[in-house]
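Each remark here refers to the structure printed beneath this line.
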Ligand code: DX5
Ligand code: ZN
């Protein structure tokens with residue numbers, strides 16, 4: 069079964085410790101840190117101090133999702149608390165070079181693609197990554213609706229991975245909730261990221277219900 073990753077973008081920031089604790093105690097394996105710079109996406113969010121503080125307090129693995137023009141900036145700091153650092157194919161940098169640098173700094177290198185970017189665009193990068201994050205919303209905000217067409221890239225990646233014997237994980241991020249999670253889980257991702265469906269309302273109940281909906285499709 070896929071693992072849940074909790075994007076704290078929709079957590080109660082004034083009660084962040086409480087919210088993360090509830091998510092982790094309910095069996096969430098990953099904490100997803102949405103890093104935005106106000107340029108690559110029209111929003112500004114959290115960065116290094118959040119990652120440092122979470123790492124100090126919790127056992128969960130942190131995955132940093134870099135929605136920034138320049139993921140080279142402070143990369144060493146991000147790698148120091150992240151098990152996984154995901155950069156965007158669409159960012160105007162030398163992607164392969166940054167991926168290699170993430171690996172050299174001791175984190176798993178990940179590549180993320182926006183809804184309009186095809187899997188064929190990143191094929192040459194796949195041998196160098198340990199994670200591919202399929203965006204099912206335009207990056208920038210939580211609480212948007214899932215773009216169905218974008219989710220079709222998950223089975224393409226599953227098939228590609230099998231055919232080429234590569235060993236990256238596949239994640240999906242954006243618009244996932246209890247109504248669509250069983251359908252998304254059935255497409256074969258390893259990690260399912262969710263913000264609002266985990267943190268709006270009762271976190272423990274939300275995680276429990278997302279997990280049981282995931283199982284419904286025979287993926288449990
Ligand atoms: C969007 C972020 C997502 C977002 C998901 O730019 O990358 O991680 O927080 O939020 P939901 O699950 O509410 O769509
Ligand atoms: Zn994200």
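Numbering (the working numbering), first residue to last: 69 to 288.
Even for Gly, the Cβ is constructed at its ideal location relative to N, Cα and C.
In this text, all values refer to a predicted model and were calculated from it rather than measured experimentally.
Under the three-state reduction of DSSP, residue 177 is assigned to strand.
Between the alpha carbons of residue 153 and residue 239 lies a gap of roughly 13 Å. According to the DSSP assignment, residue 239 belongs to the beta strand (DSSP E) that extends over 237 to 241. Unbroken beta strand (DSSP E) runs of no fewer than 3 residues, entirely contained in the stretch 153 to 177, are not found. As the crow flies, the alpha-carbon of residue 176 is around 12 Å from that of residue 148. The Cβ atoms of residue 193 and residue 225 do not sit closer than 8 Å to each other. Proximity of the beta carbon of residue 153 to ligand 1 is not indicated: no heavy atom of the ligand is located closer than 7 Å.
Taken through DSSP and simplified to helix, strand or coil, residue 99 comes out as strand. Inclusion of residue 203 and residue 222 in the CB contact set at 8 Å is not warranted, their separation being larger than that value. The residues 70, 222, 238, 239 and 240, in chain order, have a CB closer than 7 Å to that of residue 257 in the same chain once the five nearest residues on each side in sequence are set aside. By the CB criterion at 8 Å, residue 200 and residue 179 fall inside the cutoff. Shortest Cα-Cα distance from residue 232 to any of 216, 217, 268 and 195 involves 195. For the options 265, 91 and 174, the alpha carbon positioned closest to that of residue 150 is the one of 174. Residue state for residue 280 is assigned as helix, using DSSP reduced to three classes.
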